[in-house]
C-alpha cells in the first residue's frame, strides 16, 4: 500500500493559494452591478450617486446601478442572495433590508445575516422630523400641540410599511397620543410630494431628499435625530433639544453586502475600495451638504453591527406590533 503523498498535498495547497491570489489580483475584470432595492430619488440613491465616480476609480471598472424596488426592498435583496458569489452583484441596502424586514415579514424566506456577506457600512443618515408648510406650527413644540389638539386627524407618510421612517413616525404618534394615520408610499419622493401637497402632515426623512423643499419653505424641519445639529441645518434643534426621548426617531444607515460564499479576498478588495471612495474629499463634501455621515468600516465590524442591531430591532418590532403579511 502506498504512503500518502504529503508533497502532493503541499503542492495542492500552494496551487490553491496562488489561484486565490490570482483571482484577487484580476478582480474586477468587468463592470460591477450594485442592486438598490428602492426607486430612484431616495436617500440611498443620493449616497450611491455621490460614491459612484470615486468607486469606479478605485475598482477600475464601471459601476452599474440596478433599481429593483418592491416588497420593502425584499425583491432586490433576494436577487443578490441568489446571485453568483463572484463579486459582480452587490446589494446596497438600508437598515431595513439587513436587519428589520426579517422580523416584519413572516414569509420572507431568508435570513439576511446568513444569506449575505457583509462588506462595509457606508453612511449614517440622521432623520429629520419634517412637517408640511400648510400647518400653522412653526417648530416642534407647535406641531406637538397641534397634533395633540386634533387626535386622529393628521396623516404621516413613509417610503413603505415597516421602514425606519414608518416605525419612527408611529412611535412619535404614540408618544404624542396623536393617533396619526399611516399613509405608505412606494419610495421617498412620493412621500415628499404628499407632504408638500398637505396630503400628509408629517414625514420622517433624510435631509438630502427634502433639502430643496425646505429651502423653498414648502416644508419645515423641526428636529433632527442626531447627537449634534447638522452643519447643513444649524437652525434645526436635535430631538433631545426639543424634549423627545431617545429611541423614538430611529437611526438609518446604508451598507454594502455580497452574496454568501463570496471569496474573502474579493470581499476585502471591495471593502477597501468603498472605504477609499467614502474617504474621497469631494465625496465627503457632498455628504456634509446632504446631512449624511460617512462611516465606512471593515467586513468584520459591519457584521458585528448587523448582529447587534438585529437583536435591538427584534425588540422594537415586538414592542410596536408592526407586521406585514
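Residue numbers (our numbering): 103 to 427.
C-beta: ideal position from N, C-alpha, C; glycine also.
Margin query: Looking at the strands, I want to know which residues DSSP matches up with residue 285.
Written below: When DSSP reads this structure, residue 285 sits in a beta bridge with 259.
Checklist line | Assigned exposure category for residue 155 - 16 Cβ within 10 Å defines buried | finding: Under this definition residue 155 is an exposed residue.
Next item on the list: Using DSSP bridges, identify the partner residues of residue 194.
Entry: In the DSSP secondary-structure assignment, residue 194 is bridged to 358.
Next item on the list: Express the C-alpha separation of residue 251 and residue 405 in angstroms, rounding to a whole number.
Entry: Here the alpha carbons of residue 251 and residue 405 stand approximately 45 Å from one another.
Next item on the list: Select from 389, 263 and 371 the residue whose C-alpha is nearest the C-alpha of residue 172.
Entry: It is 263.
Checklist line | Counted within 10 angstroms of its Cβ, other Cβ atoms place residue 422 as buried (16 or more) or exposed | finding: Label assigned to residue 422: exposed.
Checklist line | Beta-carbon proximity list for residue 328, same chain, < 7 Å, skipping 5 on both sides | finding: Once the five neighbours on either side are set aside, the close Cβ partners of residue 328 are 228 and 340.
Next item on the list: Provide the residue(s) that pair with residue 231 in DSSP beta bridges, ordered along the chain.
Entry: DSSP output for residue 231 lists 306 and 325 as bridge partner(s).
Item checked: Reference residue 255; option with closest CA among 231, 284 and 265 -> The residue with the shortest Cα to Cα distance from residue 255 is 284.
Notebook entry, point to check: I think residue 224 touches residue 380, with their Cβ atoms under 8 Å apart; what is that distance to the nearest whole Å?
Noted result: With a Cβ gap of about 6 Å, residue 224 and residue 380 count as contacting.
Item checked: Contact set for residue 417: own chain, Cβ-Cβ below 7 Å, skip 5 residues either direction -> None.
Note to self: Quick check on residue 169: does DSSP put it in helix, strand or coil?
What the structure shows: Strand, per DSSP.
Notebook entry, point to check: In terms of residues, what are the limits of the beta strand (DSSP E) holding residue 134?
Noted result: Going by DSSP, residue 134 is part of the beta strand (DSSP E) stretching over 134 to 138.
Margin query: For a quick check, are the C-beta atoms of residue 134 and residue 190 less than 8 Å apart?
Written below: Going by C-beta atoms, residue 134 is nearer than 8 Å to residue 190.
Next item on the list: For my contact list, residue 150 and residue 167 are in at a C-beta cut-off of 8 Å; report their separation, rounded to the angstrom.
Entry: Right, the Cβ-Cβ distance comes to about 6 Å (below 8 Å), so this counts as a contact.
Checklist line | Contact set for residue 391: own chain, Cβ-Cβ below 7 Å, skip 5 residues either direction | finding: The answer, listed in chain order, is 334.
Next item on the list: Express the C-alpha separation of residue 270 and residue 161 in angstroms, rounding to a whole number.
Entry: Approximately 37 Å, taken between the alpha carbons.
Next item on the list: Leaving out five residues on either side along the sequence, give the residues of the same chain with a beta carbon under 7 Å from the beta carbon of residue 386.
Entry: Within the same chain, residue 386 has close Cβ partners 396.
Margin query: Using a Cβ-based criterion (distance less than 7 Å to any ligand heavy atom), does residue 167 qualify as near the ligand MN?
Written below: The ligand MN is absent from the structure shown, which contains no ligand whatsoever.
Margin query: Could you tell me the alpha carbon to alpha carbon distance between residue 348 and residue 277, rounded to whole angstroms?
Written below: If you draw a straight line from the Cα of residue 348 to the Cα of residue 277, it is about 12 Å long.
Check: Measuring CB to CB, does residue 230 end up less than 8 Å from residue 309?
Finding: A Cβ-Cβ contact shorter than 8 Å links residue 230 with residue 309.
Next item on the list: May I ask you to verify whether the region 129 to 149 touches the region 207 to 218, counting CB pairs closer than 8 Å and requiring at least 3?
Entry: Taking a cut-off of 8 Å for Cβ pairs, the region 129 to 149 and the region 207 to 218 do not touch, as fewer than three such pairs fall below it.
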